[in-house]
Ligand code: G3P
Ligand code: CA
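Residue numbers (full-length UniProt numbering): 6 to 242.
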């Protein structure tokens with residue numbers, strides 16, 4: 006972890022590798038995660054279920070953009086999904102494979118992409134709990150369910166739209182942190198979140214100017230496509 010001096014105290018900054026290290030390797034693959042693990046405190050993955058109910062790591066609802074296949078994930082069994090190329094010869098990883106990779110090494114941020122899948126995701130996590138786990142979602146109901154299933158695990162509400170009271174919404178679902186898109190962060194939101202005991206971890210910050218501005222607002226970390234670039238920048242300050 007990296008500590009920086011902000012206003013009148015030392016703050017621990019969390020570096021999150023977005024989809025592993027999306028800016029340097031094919032997103033959400035084991036290869037991208039290994040790369041992200043070199044510099045991130047936690048690596049982030051997007052989780053969805055196959056046709057036969059296996060939690061896998063992929064961002065979109067279809068395989069079109071990130072693999073050599075086509076069509077919705079819901080049309081693929083795990084056996085079929087494993088035949089696809091996710092870039093540089095990588096396959097789409099299962100959540101179980103990701104847990105095996107990060108365990109004992111790096112923290113994991115699991116984004117629940119599909120409401121209703123929390124319990125199955127939780128049962129896979131229970132088999133190989135990472136040392137540090139944060140469950141996040143754009144869906145408030147998924148954040149609430151994550152906290153119900155794992156009261157002792159941190160959970161976060163992600164948002165990109167202009168919400169009137171993001172801190173109030175996050176508190177109503179027992180969230181421990183908010184993950185605003187970078188352009189939704191303001192001093193006001195950060196101060197409100199901190200007063201309510203919530204951390205603020207914006208996304209996706211890749212360039213020094215944006216990272217520098219977020220630091221001045223008092224955020225607690227960043228999700229980045231290139232976590233090593235963030236680490237270099239913070240260490241060089
Ligand atoms: O951590 C927040 C970030 O992962 C949300 O955006 O679209 O990459 O899932 P997205
Ligand atoms: Ca994500």
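From the three backbone atoms N, C-alpha and C, an ideal C-beta is built for every residue, glycine too. In this text, all values refer to a predicted model and were calculated from it rather than measured experimentally.
Query: List in chain order the residues whose CB is within less than 5 Å of at least one heavy atom of ligand 2.; Result: 51 and 116
Query: Do you know offhand how far residue 182's Cα is from residue 152's?; Result: 12 Å
Query: Taking 7 Å as the line, does the beta carbon of residue 30 fall inside it for any heavy atom of ligand 1?; Result: no
Query: Is any heavy atom of ligand 1 found at a distance shorter than 7 Å from the C-beta of residue 24?; Result: yes
Query: Is any heavy atom in ligand 1 found nearer than 7 Å to the beta carbon of residue 194?; Result: no
Query: Taking C-beta to C-beta, are residue 43 and residue 23 nearer than 8 Å?; Result: no
Query: Report the residue ranges of all beta strand (DSSP E) runs contained in full by the segment 35 to 66; include only those spanning at least 3 residues, in chain order.; Result: 47 to 54 and 60 to 62
Query: Under 7 Å: does the beta carbon of residue 119 sit that close to some heavy atom of ligand 1?; Result: no
Query: For residue 119, collect the residues of the same chain with a Cβ closer than 7 Å to its Cβ; drop the 5 residues on either side in sequence, then sort them by chain order.; Result: 53 and 54
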